[in-house]
Every structure is written in C-alpha cells, then in structure tokens.
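So the sequences go chain by chain: A, B, C and D.
For what it's worth, this note's numbering labels the leading residue of the first sequence as 1, then goes sequentially.
For what it's worth, this note's numbering labels the leading residue of the second sequence as 1001, then goes sequentially.
For what it's worth, this note's numbering labels the leading residue of the third sequence as 2001, then goes sequentially.
For what it's worth, this note's numbering labels the leading residue of the fourth sequence as 3001, then goes sequentially.
Think of the CB as a built atom: it goes at the ideal place given N, C-alpha and C, for glycine as much as any other residue.
This report concerns only the one structure given below.
Number of protein chains: 4
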Amino acid sequence: MAGNSFGYLFKITTFGESHGKAIGVIIDGCPPNIEIDEEFIQSELDKRKPGQSKITTQRKESDVAQILSGVFEGKSTGTPIAILIPNEDQRSKDYSHIADKYRPSHADYTYQQKYGIRDYRGGGRSSARETAARVAAGAIAKLFLKTQGIEIFAHVSAVGSLISPNLDSTNLADLLTVRESNIVRCADPATANEMIALIDSVRKDGDTIGGQISTIVRNVPVGLGEPVFDKLHADLGKAMLSINAVHGFEYGSGFSGSTMRGSEHNDIFVNEQGAVRTRTNFSGGIQGGISNGMDISFRTAFKPVATIMRDQDTLNEAGDNTTISGKGRHDPCVVSRAVIIVEAMTALVLADHFLRFKAYINEQ
Amino acid sequence: MAGNSFGYLFKITTFGESHGKAIGVIIDGCPPNIEIDEEFIQSELDKRKPGQSKITTQRKESDVAQILSGVFEGKSTGTPIAILIPNEDQRSKDYSHIADKYRPSHADYTYQQKYGIRDYRGGGRSSARETAARVAAGAIAKLFLKTQGIEIFAHVSAVGSLISPNLDSTNLADLLTVRESNIVRCADPATANEMIALIDSVRKDGDTIGGQISTIVRNVPVGLGEPVFDKLHADLGKAMLSINAVHGFEYGSGFSGSTMRGSEHNDIFVNEQGAVRTRTNFSGGIQGGISNGMDISFRTAFKPVATIMRDQDTLNEAGDNTTISGKGRHDPCVVSRAVIIVEAMTALVLADHFLRFKAYINEQ
Amino acid sequence: MAGNSFGYLFKITTFGESHGKAIGVIIDGCPPNIEIDEEFIQSELDKRKPGQSKITTQRKESDVAQILSGVFEGKSTGTPIAILIPNEDQRSKDYSHIADKYRPSHADYTYQQKYGIRDYRGGGRSSARETAARVAAGAIAKLFLKTQGIEIFAHVSAVGSLISPNLDSTNLADLLTVRESNIVRCADPATANEMIALIDSVRKDGDTIGGQISTIVRNVPVGLGEPVFDKLHADLGKAMLSINAVHGFEYGSGFSGSTMRGSEHNDIFVNEQGAVRTRTNFSGGIQGGISNGMDISFRTAFKPVATIMRDQDTLNEAGDNTTISGKGRHDPCVVSRAVIIVEAMTALVLADHFLRFKAYINEQ
Amino acid sequence: MAGNSFGYLFKITTFGESHGKAIGVIIDGCPPNIEIDEEFIQSELDKRKPGQSKITTQRKESDVAQILSGVFEGKSTGTPIAILIPNEDQRSKDYSHIADKYRPSHADYTYQQKYGIRDYRGGGRSSARETAARVAAGAIAKLFLKTQGIEIFAHVSAVGSLISPNLDSTNLADLLTVRESNIVRCADPATANEMIALIDSVRKDGDTIGGQISTIVRNVPVGLGEPVFDKLHADLGKAMLSINAVHGFEYGSGFSGSTMRGSEHNDIFVNEQGAVRTRTNFSGGIQGGISNGMDISFRTAFKPVATIMRDQDTLNEAGDNTTISGKGRHDPCVVSRAVIIVEAMTALVLADHFLRFKAYINEQ
C-alpha cells in the first residue's frame, strides 16, 4: 500500500471511493506565488465529468471542487493545497445485486483477495471516479507550468480501428478549439464525426469499445528527466499506465520504431538560428531519458471498459457460477472523458520534473 | 537527480560509467536467509555481456561480479548487498574524436545541457553498460522470487518486421532451453534463424535495427500491486521504459485491445477445481492494477540503437556543423542482449511488490 | 517542499492552515479490516483541542472529525482514509494588526523569506492547529496497534523546573486514568497540582513556560526498526522534533547516559521464563536501532511558546523597528495539550515500523 | 528494510559489514561541476579511523577511499558517486568465541531476532565501521556546501561529567585548529587535557565512558527546512540519532529551554545594517523548522560504548546463562572519533535541504 501518492517534489495524494462521501487530493510541493484560478480548475473537471454528452455515461455528477487550504488571496502559499469534490449522484442500490459477485475484467476479485474487504458500490476505490481528483491536481500543475510557458495538448486519436490522421500541430491553441468543438474530443473534425457514430452504435449494442489518446508537450526546457530510472518518458509511461483502462504506452516512434533502421530513425541535430533542433523527431523529444527541447509526443492505449449492458457469466465470492447483468449508467467509450485525465497526469509529471531539474541548476 | 534508485522495499541503487573504474549496485531490502548463488548471478551477467556472438558488439568485457557485503555463509543477511563489476576493455581513444560532438539520437546533447559536464567516453553514464548492474541486482531478486515459486521468462519476439508466432507457453523451462540454444534468444527456432540472418545483413550494412521482447510472469500470487498509482503494470512499464532504447510498453491485449469490444475483451471468471481463473486473459494477469493469478504478459519495444557505422551530419558543442563517423565496436541489434535486462527489471518489480503485499497480509 | 508527509508504509499527509476552511489528513497504508471507532478518534481530538481548561488557550474549536473515505461498514478497506476537521472559531481580526510584523520566535519571518508569501492569520500553516490532523491520524494508528497489543502512554513529566517523580509503570491503564483526572495530564497527582498552580501564575503574568513529556511504549515485538538510518529511535526523534515547540529528544538513558560508564550502563540479558529480558533498561528498549522487547522510553522537551501577553520589540517586513502586543487567546503552557500529539506521533512511527518489519518476516 | 538510504535530493546509500570485503557508499544527487578534492576526503576519513591515538581503539584500518564513478576530470558529473573503502585489519578470530552469545547492549540479540541470521564478526552491519562510509559521503557534501559558503564545526563538548565551557565561536577556522591540536578534539585546551586524562583512566579500568558533541552551522541561507514534518532540526535530529551510541539530541536552548519563560526565551528581531538578525539565539537558528540565518547550534549525546574489557553475564542463543569476556581492541570513548561523523551527517542534511530549497526559489 501507500500507492496513492504520485510525484517526488510536486507530489499528490488522492483519496475517495465512488460511493463514499467525497473524493479529493492533497497537492504538496506546488511552488508559492502561483495564481490559482479556481474557474480554470472547475473547467478542467467539467471536461471529465459524467453526463456531459450522449456518448458518455448518463450518470450526473457536478464535480464541484472546493479548495480547503494552501491558497491565500488567490495565490499558492507553498503549503499543501487540498481540494475536495463531494460525491452526489450515487445510486448505491444499482450495485446491491452484485455485492458478492465478481464483475468480469473489473477489480472486484483482485481487491477482495488483496484487502479481504471491499466497498463494492460503484467499484469503490477502483472506480475511475478517483480520476476526478487527479484532474483537479493536474489543473494546479498546469497553472504552474503556464508560468514556464510549457504547453500540453492531448486528443482522441483513435476509437476502435478508426484512426485520426496526423495533425498539423503548429498551433496547439487552435487544435484545442477544434478538439473542444466535438463531443469525442478528436482534433480532426471528419474523424470526430465517424467516431461519434461508431460509439453511438456500440452503445446501442450494449457494448463498449477502446481507443487511443495522443499527446504533445511543447516548450519543455532542455534537461528534464532524471536518469537512469526516473527518465522523463519512464515517468510519463507510469503516469499513463496508472489511469484506469490503459494497456499501452509508447513515445516518439513507439512500437513502429522497432521495425526501423538506425539510419532512418536517428534524429540529426541542426542549428536553427542558434537553437539546437533535430531534423526529425523519432526521439519524441526525449533522448537518454532527458528532454531535448523538441516536442514530446506519446500515445496511450485504452481497452474497452469492462461494464457492458449485457449478461455475462461469472463467479460469486463463494466460487459458484452465476450471472451478472449490467445495470446502471455506463460509458460506451471512455476516451473522450479521459483526454483531460491524460493531460492532468502529463502536467503532474512535467511539474515534478521541472522542480527536480531546478534543484540542480548550476549557479556557476 | 536522485533518479538512480528503483524500488520501494526491495530497492536498488546503481552507479558507474562506461569508462570509469567500475559499475555496480547496492540492493537494499533483500529479505534475509535467501541462498545467494554466485554462479547463478554470473551466468545471468554472461547473458548480457558484449562480445558474446557475431550479432552483438565485439567489445570484450568479462563482467565479473564481486559481492562486497550483505552475504554471510552463502545467505543474505538482510543488510545491503553490494555488487561490484570492474570495467576492463575500454578503448577511450575510440571516443576522443567525438569529445565535443553530439552523436545523433544519443544522450550527449541532453546530458551536456542538463549537467554542464559529461564524461564523453563511451557515453559515460548514459551507456547501456550501466544495465549490467541491473542484471546483477535482478539475479538477486530472481533468487528471492524462486523461493516463492514465481517464474519469469522473456524472449525476443520480433526483430524489425520479423515477428515470432505465439508460443506454446505450457512449460517455461523448456522455452528457456530453446531460447538459449540460439544467439538471438528467440524461443521459436525457425524465426530465430531468420532473425539472425536479418541482423547479420543489417550489420554488414553498417546499420542497426530495432526489435521487441515478450515476457511472461507465472505463479504470481493474487494481490500484488498498489493502486492507484503504483499499479503492478504501471511499475512494470516504468521499469521497462527505463531501459536504454525502449520506446514502448504494452501488457495483456496492449495496443490491439484498443480496437476491441468489451464483449470480446472481458475475461470471464471460471472455477477450475476451486481455483479462480479466467477463460481468456486479455487482462494480462492484472486487473485494477493488481495481479489476479493468471500469467502476466507484456511486450517491450526497442528502437534501433543510435550508433551506426556510417557517417552522419551533426553539431558540435559550439553549434557548428560537423560530421561524425562510427568508430568502435557496436551492436547491430541489442535485443538478444536485452532479454536478460528485461527479466532482471521484471524480477525487481515483482520482488518489490511481493514485499509491499506481504506488509499487509491480514493476520485475521 | 513535499515535507508534509510522514511515514513509509503507514503514511500520512496533512493539510490546512489555522484560518483556512479546514484542516485534515490522508492516511495511506492503514491495513484493511481494522475496526475504525469514530468515537475513539473524536475522544483523542478532544484531548488536544483548545478551550479545554483554564490552563490552556480560551479559543474554542470543537475539532469535529469527519471521515470521508477508506472506511466501509465500520472497517478500514486498505484504501486511503481521509479525515476532515473544519475550522470554526477563527477571529482573523485578531491578527490584522500583525499582518506585516514578525512575531518574535514565531515562524513569520522564516515563512515569509522561504515562500515569499504567507497567510499571516493565526500563523497560517505554522500554527500548531495543524497538529489536530496528526492526532486524528494517530488515532487510526492506535486502533491498528491495539490489534497487535502495543500500548502507548505519555504524560507531562515536567513543567518549568517542576519535575514529576518516576512512575510505577506496572499498569499503563491505571496511569492513564490518573493522568486524565487532572487538567495538566501529569500521572503524579501531587506534582500535577503544583504544575497547575505554576501554569496559572505564569498565565497571570502574561507569560509562557516550557515543559517535558515522557513516553512509554509497551509490548513492542522484537525486531522493529530499520538500520542504519531508519533506526526506531531515530524515527521517533524525528517525529517528536517535528512537533511545534519541541527542542529536544532523548531515549533510554538520554543525555544523562553520556556521564555513565559502560559497566553501569550495559543492560545484562537474563532469561525470564524463556523470555529474553534485560536486568536494567538504559537502552530504552532499543538496541542497534531495533526494539528488543523491553519498554521503549523517551522524553520530549518543549520550549515556552512564543506568544506572550506582553509588548515586544520586533521588526516589520520593511525592516523597521516596531512593537508587537499580544492580542488573542493563547496557551501559557502547551504540554497538557501536547500529550496526545506525542502519543499520536509515537503511534504513527510504531505503525509504520510494524509494517516495515512485517514485510520481511521470514517464512522459513 | 530499505533503511540504508539517507536524504531526499542529496541521497546516500551505504553498504558493508565490519568483517566483509569492503564498506562503501553511493552518493546520488551531488550537483554537477563541484570540484572533488580526493585528498580532502581522505583527510576526513583519517579523523575517524581507528588506531589514531592512545584514547581510541588500537585496531588499525587505513580506511583508504577509492572513487569508482561520478567524477570526471576532477569534477562531479551529476551522476552517482561511488566510494569504496576496503576492510583490512579484521581479526575474525577475536569474535569466534562469541558467535552464539549476545553481547550486552550491543545489537547481537536484536539483529538475530529481526533477520534470523547475523554476521557476528565485529558486529557485522551494526558495527560503527559503517560510519566510515558516511564520513566519505559527508566529505562530498562539505565540498558542495563550501561552494555556498556554509560552514560546519563540531567538537567534543563533554566527556562523562567534564563539560567544556562555551566557546568564543567568532572564527570557526581558529576553533578547528585548536580542536585538531589535541587527540580528544575539544576546542578548549584546558578541558581537553582533563578529558584525555579521564579517558585514559577509564581505559585502564577496562571500562568505557560517554560524552557529548556540540555543533555549529554558520552562513546558512534563510529558508532551509520543509515543514511540517521535514523541519530542518527534525532531520538533523534523525541524522544524529542514527549514529551508533547516540541517545539524545537537542538544538538551540534544548532541554534547558523547557524550564524557561517565553519572555526570556523569545529571540527579538533586530535590524543589523539591513540584515535581519536576532538579539539572542535560543532558537538555535531555526524557527518553525526553517533556518533564519543565525548560527544553527545543537548537541548530541553519546552513551558509553557497550564493549568493555571485563567479564559480563549474558545469554547465548539457546537462552542459557553464560559469560562474555571482552577480547579484541576497543574504544574507551568514541566521541573523539565521532566528531567527524557528526559533521558528516550535518553536511548531508544541509546539502539535502539546500537542494530542496533551491527547487522552489521563486523566479518572480
């Protein structure tokens, strides 16, 4: 245990179950004097909350964040920032029929075995509801990174086998506008429409489908990352893999890079008006685990969520065969809601590594 | 910094540069009374060392490990185990011509920017030589896991676009024998031959090529993994991504799972003579970040290493254009040597999570 | 920063300022299936809260704790337990006159320099109010330790130069009754009366006075403590020194042991009905940093708190000479309220070390 | 376990037993570009080594340090620095007679119970020999602190009941000269002579005696320390208490402050040519856990070491009564050798907190 904290210098600890009183987070290590824009935090949470569109769960949560500490006269004090998000729309009765059943591909069985006790309502701590706390913390990280000019942009780049074409990423602010203009949060409008149609059809099928999210981080100073174990991409990978339903992570050339030759894959250094850049960027902006100033790029793969609106065979706690039927309100595909979680985790990694880097800036 | 440790309870810290006096590791947290088989440790190192076959670098290192502490009368004492591996065959002159040049897609540039100083010889700390220390530590972890019956098996499942078929993984010991019978360490003999031919041709081209390594972990007790951030697969992912040249990690259904439906992807629970198993295993043995007793499976993607035997354009530290030619002795493809590193990192993650799990076994 | 967490496996993170919305704590790592007695938690908090007697501050806070997560049907789930304590009786106006002044021997100056910003009201994060969160967390730790039979007892052993005689510590439950029967929490009734009189006279003087708290921990299994740096007494010392106003820590023979000879100081081992005990206990129950089964004993020294009801010279933020007068409601001596904080921190250290010990119990 | 590391950003991990092949340390997080003066490191080790005078053990160890990594062309690279110190003069036969006996007030019993196995020779890992590795690491920390102008000075301020008068600490370099001019390392020559006589007489008695070490840290910038748990004095306390034989720690007014009134104890702020200072310094340079720029002062109490040259009753591992006689070569009083260990641990804490502070320097 003690696995509920993330980060070394910019460190967050989350708490809360799906059907408990509240979820929340403590951010310890946010530098002082950062302007804390509470409307921004709420807008980030609104991008994650359930009930936001026809392709997400119809559960309603307003996810209203309340800051309890660490902010004074609108600025961070350098002391821990606690954010509380009350739970509202739990229908615990929706889960009473499965109190002793193991939902397939959920964490019911593993939690029961590990802890010997579990809050079965809504999946308890294993529910993705916990990620709301991460989004709130990621918003604080983003406010800090903004003071350093670091930009983060993620979007849904695949739903099922529908893959968005590569983006012209010249202007991330423009891409953000396009992304937010459709409910699946894909920055290519044509693909977005296809994705929405696909998800809708999967929903009517009582089924679920997976997808992928692609992320770009821009204006990262050269030097972030702590080899040999806390390499920047290794921490990004762990961050992404800690998100519910994530089964894969790749950065730069990723898995396809494994089929390439070194003569093709190497990124040649060039001098662009005094700045060191690379001609290509298969490195995804990270070399030897340290940022080199080029755009950081990575992709995160999500499996189809396990709660489907169909009967499934399963076992109960006694080991007997039984049936489980999907009751409740669920997402056919989570990626549109997960985009902001991916951005939040990215911000947390970048904020943490920025501070770790800063501890060693040579004064000579 | 302080990024040179890995693990929480079974914790390792490595040191050493490619052309320094020695490399080594301290393992802090190995339980007491584990039989420390020094021949086994050496045999693991021999699987990583350079100069072992025609498809690896011809650099010679005997990588002889010496245990300095933590072992008494052949058993671990519970105190830190330090292992030292002297460096031998450094040809520092091979690197003098590049002291002020940035080798493309290496860490020269990023290290220089981050630290303001770098040991350029052989890549210094960024060299994969450091991984020998990890293999030694992984061997200690394997000796511990053996007392718990946990088995780890990795093999080269792809070189370039040559992909090995799925293995019949009924008996891991047999697969190990097949794997060690060929120099590329693929457990499918036919594919192994094709891989060797491919690597040899790439070598003659003065080029390099990437590949993939697939891993199985068997007999893992139910309950390993510490949600929500230190999920078992998240720590495996970080471990793999920290290895030189790794660009991707996926577990269970991985990236292909993102194209599947929930109705296909869900692993149905079944009772097999009183044991809870799943009919399929797209979960890769991990649900909600916790092991469920099924085989853990994952794949790690390696880019082609950056040192090629061809001239390349680059910059020097002054920002001027220059050329770099490959001199020295290098690997055309690292995966055959990386198999044991992947197993070592896997063992370290499993050992760590086993102890974290053990801290909480309910005595009631 | 990131200095707001304590513990390795049984880990707490606190938040909250004196005049913010609330204070609170997340306990990450409490084992599952521990009965969480909410009345007990509240009774512990009641021993710390202000306004409890004539010798403490007359500020009123009900310090009502609310559990937000981590408990299901009265038992810990193994997931993070969050406890919230709303702030009530802040009189922020009491502090407006000192917003830009540095109160002598308070943390105003150092916080201002370190963070560049501070919540001046009530001392912000530097206020001892934060310790209420620790007491709540310590209560959870005590509930866990109770399942292991470990007992903790602390009492006020000195106020100023008034020193309580050594206790007959045969029955800690009896001592607890005596302690709670007087408002200064000294387990010797005669000394208690003298202490109360002394504190009252100091209060009338508009001054403050220091004191000491002595602690016993009983029934600790042999083997707790993680040399060489996380020795049990070293973690106890850090825990005590982190409490506001603490200036000294000693265990076993303490500072007086430095005047003794080895022939006097050595604790001779004896066999008492098969149990290994020592004839004397200058070791304070800890040898080589590891518990040996004898009572652990230590003493914590508190300086007189800095807020006195007299005018004092000081500087303001501009560096100008000014005067500060004590306004508000303050403690003449904090030790009667600090007893429960000392017990709480002791419980947190013992709980943490118990789990660290348990991770390595040899199964052979 | 995993208790063999110290520090958060400037982190050390030590290894090694008294009669193993070697002891050593990895320093992870030393900033790059610090000049590493190997002669200085050796001179620090020489201040700790046995056999240095008639009032220490006559065991001979040359304690020659060898740097294996992390230094290039005389400067730190920012990568881990490993230092190895081979063991030489072990007389393992001296310990064979006690292999199964528990030496009184040593760690034999607790180590045996905790680990189920122990290297009995010379106390194994529990031996103070391990502190040589700390001194080497502390030397690296001192070299770093020197670049920041931070000075550390410790000396023996008491042996038994012989207490040195307060020093005129105007010039620490002068005090260092005086301290090194006598074999007990007391900076008051008259007291030094008495101490040497006392220790010599204790030695002839076949006994041991305790003592105290007082430390000053000067030129610490304002702002070091991470409340609420990693307060600067709390980390100093843990550091000191981790040293073998330490039983007490106090800073500033220490235990005597507990007898004082607030009106006496408060340190009044004054403006000295634009610098904020305090008129008195009962705070020991730390307020609210954060350095305020005044001298940091603290005292560490050492018990008499447990190995005496007399027969003692004890138990063996079977629980039977037996006798142990002191054989071998031992210290009558360790404080003259411990001064450099105290300085080393102080340097490690200051270096670590300096980097933690630096991570948050406000760029605004």
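Look at residue i and residue j and say whether their C-beta atoms are less than 8 Å apart.
i, j, result
"A/S43", "A/R185", "no"
"B/R1218", "B/D1295", "yes"
"D/T3314", "D/T3215", "no"
"D/I3209", "D/P3304", "yes"
"C/L2167", "D/G3237", "no"
"C/Y2251", "D/H3233", "no"
"D/S3069", "B/K1021", "yes"
"B/G1254", "A/Q113", "no"
"D/T3147", "D/I3034", "yes"
"B/I1371", "B/D1200", "In the structure displayed, chain B extends from 1001 to 1364; residue 1371 of chain B sits before or after that span and is not available."
"C/S2258", "D/G3211", "yes"
"D/R3048", "D/R3329", "no"
If you follow the beta strand (DSSP E) that residue i is part of, which residue opens it and which one closes it?
i, result
"D/T3322", "N3321 to I3324"
"D/Q3312", "Q3312 to L3315"
"D/A3338", "Looking at the DSSP string, D/A3338 is not in any beta strand (DSSP E); the run it does join, the alpha helix (DSSP H), is V3335 to K3358."
"C/F2010", "Segment: none, C/F2010 is in no beta strand (DSSP E) and carries neither H nor E."
"A/A275", "A275 to T278"
"C/R2299", "I2296 to F2302"
"D/G3024", "A3022 to D3028"
Would you mind reading off the limits of the alpha helix (DSSP H) that contains residue i?
i, result
"D/F3255", "No alpha helix (DSSP H) holds D/F3255; DSSP gives it neither H nor E."
"B/F1269", "Where B/F1269 is concerned, there is no enclosing alpha helix (DSSP H), although the beta strand (DSSP E) it sits in stretches over F1269 to E1272."
"D/V3064", "Careful: D/V3064 lies outside any alpha helix (DSSP H) and carries neither H nor E."
"C/E2039", "E2038 to D2046"
"C/V2178", "L2172 to E2180"
"A/E264", "G262 to H265"
- prompt: Using a Cβ cut-off of 9 Å, which residues of the segment 1229-1248 of chain B contact any Cβ in chain D, in chain order?
  reply: none
field: Members of the segment 1121-1133 of chain B near chain A, C-beta cut-off 9 Å
entry: G1123, R1125, S1126, E1130 and T1131
Residues, ordered as in the chain, of the segment 2021-2032 of chain C that lie near chain B by beta-carbon distance below 9 Å | G2029, P2031 and P2032
message = Any C-beta of chain B within less than 7 Å: which residues of the segment 252-269 of chain A qualify?
response = G252, S253, G254, F255, G257, S258, T259, M260, R261, G262, S263, H265, N266, D267, I268 and F269
The segment 3252-3269 of chain D / the segment 3147-3161 of chain D touching (three or more Cβ pairs under 8 Å):
no
Which residue spans inside the segment 184-248 of chain A form an unbroken alpha helix (DSSP H) run of at least 4? 189-204 and 232-241
Are the segment 80-88 of chain A and the segment 13-32 of chain A touching by the rule of at least three beta carbon pairs closer than 8 Å?
yes
Looking at chain A, which residues of the segment 2063-2095 of chain C have a Cβ within less than 7 Å of any of its Cβ atoms? L2068, S2069, G2070, F2072, K2075, T2077, G2078, T2079, P2080 and A2082
Just checking, does the segment 1330-1344 of chain B make contact with the segment 1040-1055 of chain B on the three C-beta pairs under 8 Å criterion? yes
Is the number of C-beta pairs between the segment 2348-2356 of chain C and the segment 2137-2146 of chain C that are closer than 8 Å three or more?
yes
Exercise for the section: Residues of the segment 2308-2328 of chain C with a CB closer than 8 Å to any CB of chain D: list them in chain order, please. Expected result: I2308, R2310, Q2312, D2313, T2314, L2315, G2319, D2320 and N2321
TODO: Decide if the segment 114-123 of chain A is in contact with the segment 10-18 of chain A; the criterion is three or more beta carbon pairs, one per stretch, under 8 Å apart.
DONE: yes
Scan the segment 3212-3230 of chain D for residues whose Cβ lies nearer than 7 Å to a Cβ of chain C and list them as they occur along the chain. Q3212, V3222, G3223, E3226, P3227, V3228, F3229 and D3230
Would you call the segment 1319-1337 of chain B and the segment 1277-1296 of chain B in contact, with 3 or more CB pairs under 8 Å? no
When you compare the segment 3185-3199 of chain D with the segment 3126-3135 of chain D, are there three or more beta-carbon pairs, one atom per stretch, that lie closer than 8 Å?
no
(Q) Against chain D, which members of the segment 2145-2176 of chain C pass a CB distance test of less than 7 Å? (A) A2158, G2160 and S2161
Going residue by residue through the segment 3126-3161 of chain D, where are the continuous beta strand (DSSP E) segments of at least 3 residues, counting only ones entirely within it? 3151-3159
* **Runs of alpha helix (DSSP H) wholly within the segment 1055-1120 of chain B (minimum 4 residues, chain order)** => 1093-1096 and 1108-1115
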